[in-house]
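Chemist: My questions all concern the structure below.
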Amino acid sequence: MNKQFNKQMPQATEKNMLSLAAAIPELKEVEEKLLEIVSANSTITAEIGNHLISSGGKRLRPLLTILSGSQFKSNPSQLVTAGTAIELIHMASLVHDDIIDKADTRRGVSSVNAKWGDKTAVLMGDYLFAKAFGLLAKEKLYTILQMAVDCIQEMCDGEIQQNKDKFNLEQTRGNYYRRIYQKTAKLIGVCCRAGAIAANATKEEQLALEQYGLHLGFAFQITDDILDFIGQEEILGKPVASDLAQGNLTLPVLLLRKDAKWGPWLANKLKEKNLLPNDLLKVREALKKSGAINASIARAYLHINKAKKQLLKLPSSPYRGAMESIANMIVCRNY
């Protein structure tokens, strides 16, 4: 991200994240299972599924599920099943998000809706949800299945609220936090708790891991919202400032709204509901000059510290250490 950001965590890099993932054999099994599932039926679903999987992704959620469960006497196959189901849910939510946002690209390649049309994309998202539910039911992971259903309800509610609040100047940071809890943090909390449940961890251990995941999720989304303004389009795989262009007011923007110099100008622009490219460039500059970016960075680090504090409730192990490293990497990435 910016120079100050990188100085704080110099060892946390994208390369380290990929190296960590490569060291977890169960994650390779998740990838194989994903390919097997999307290739099982008609040619069109296989084609779209392979497009989604080949476009990449961090596979953060199944990685967290596997690491959470591996700290205990776990059944590796159940961890792979839970991790695969959660990644299918995540993929489905992204397909639906791109339809809502009318996005043409995702991770630098054509979105499903851009390549196959909105109707097919809606059905593909539904198909992936159904596959996730079926996978959990088949393995009798009913507690995790119920958690997944509850999480999807929250995700839908958060998306509906976000759509309702576009360009809404009355939004507060409380509204923002509620939305990112529903859309991002909740699922990451479920990932971690699911791994603990699959490994028969105690209720206290399950809760600690869920809280770790929630704070990690908050930090993840805040970092995404920062990158939306200071990231590079070719790395992000989407236009810079795209959230604001669509009327989504994220933490950096809400902080800028309170700035005595820039707040009134921003309010007037938001009332027009039509930010031009020059307006977006000016907002990016204002965010840096006002301190809104640095304040958002500080908030992301606050959640990372809270996440790592939850890990101290668990026995020391290489898996706990890996989860600490992931927390550091979350706020020091460029994509």
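To get the working numbering, take the position in the sequence shown, counting from 1, and add 14.
Cβ coordinates follow ideal geometry from the N, Cα and C atoms, glycine included.
(1) How is R345 classed by DSSP in three states: helix, strand or coil?
(2) Taking the alpha helix (DSSP H) that D115 falls in, what are its first and last residues?
(3) Closest by CA to N89, which one among A212, K322 and A233?
(4) Expressed to the nearest angstrom, what Euclidean distance is found between the alpha-carbon atoms of R207 and W279?
(5) In three-state terms, what does DSSP make of C193?
(6) Quick check: what's the CA-CA separation for T59 versus P253?
(7) Consult DSSP for S124 and reduce its assignment to one of helix, strand or coil.
(8) Is DSSP giving T186 helix, strand or coil here?
(9) Taking the straight line between their C-alpha atoms, what separation do you get for P329 and Q85?
(10) For P76, tell me which candidate among I340, K133 and N348 has the shortest Cα-Cα distance.
(11) For the 8 angstroms Cβ check, are there 3 or more pairs between the region 139 to 149 and the region 102 to 109?
(12) Which residue wins for smallest C-alpha separation from F181, given the options K129, V345, Q324 and K287?
(13) Quick one: what's got a C-beta closer than 7 angstroms to G63's C-beta in the same chain, skipping five residues either side?
(14) Rank A96, N55, R120 and S56 by C-alpha distance to the C-alpha of I67 and give the top, closest one.
(15) Taking one C-beta from the region 215 to 222 and one from the region 187 to 200 each time, how about it: are there three or more such pairs within less than 8 angstroms?
(16) Report the CB separation of Q92 from E168 in whole angstroms; it is logged as a contact under 8 angstroms.
(17) Report yes if the C-beta distance between R193 and G172 is below 7 angstroms; otherwise report no.
(18) Cβ of D111 within 7 angstroms of Cβ of S125?
(19) How many Å lie between A336 and L284 at the Cα?
(20) Report the rounded CA-to-CA distance for V204 versus M161, giving the unit in angstroms.
(21) Closest by CA to K322, which one among L263, A135, V345 and A306?
(22) Looking only at its chain, what residues have a beta carbon closer than 6 angstroms to the beta carbon of L201, apart from the 5 residues adjacent to it on each side?
(23) For K320, collect the residues of the same chain with a Cβ closer than 7 angstroms to its Cβ; drop the 5 residues on either side in sequence, then sort them by chain order.
(24) Could you tell me the distance, in whole angstroms, from the CA atom of P39 to the CA atom of E46?
(25) Flag this pair as yes or no: are the beta carbons of L269 and A306 separated by less than 7 angstroms?
(26) Comparing alpha-carbon positions, which option in N177, G97 and N127 lies nearest A146?
(27) Between A117 and the rest of its own chain, which residues show a CB-CB distance below 6 angstroms, the 5 nearest in sequence each way excluded?
Modeler: Quick look at the numbers:
(1) Arg is not the amino acid found at residue 345; the sequence shown has Val there. V345 sits in coil when the DSSP states are folded into three classes, being neither helix nor strand.
(2) Note, D115: alpha helix (DSSP H), P90 to D115.
(3) A212
(4) Distance between the alpha carbons of R207 and W279 is about 44 angstroms.
(5) Correcting the residue type first, residue 193 is Arg in the shown sequence and not Cys. In the structure shown, R193 sits in a helix (DSSP, three-state: H, G or I).
(6) Their Cα atoms are separated by approximately 28 angstroms.
(7) strand
(8) Here T186 carries a coil assignment [DSSP, helix/strand/coil].
(9) 8 angstroms
(10) I340
(11) yes
(12) K287
(13) V52 and S53
(14) For the set A96, N55, R120 and S56, the Cα lying nearest the Cα of I67 is the one of R120.
(15) no
(16) Contact between Q92 and E168 is ruled out by a C-beta separation of about 24 angstroms, above the 8 angstroms threshold.
(17) yes
(18) no
(19) 42 angstroms
(20) Each residue's CA atom was taken as its position, placing V204 and M161 some 7 angstroms apart.
(21) Per the Cα distances, V345.
(22) Within the same chain, C165 come within 6 angstroms of L201 by CB-CB distance, once the 5 residues on both sides are set aside.
(23) H229
(24) 11 angstroms
(25) yes
(26) Ranking N177, G97 and N127 by CA distance to the CA of A146 puts G97 first.
(27) S125
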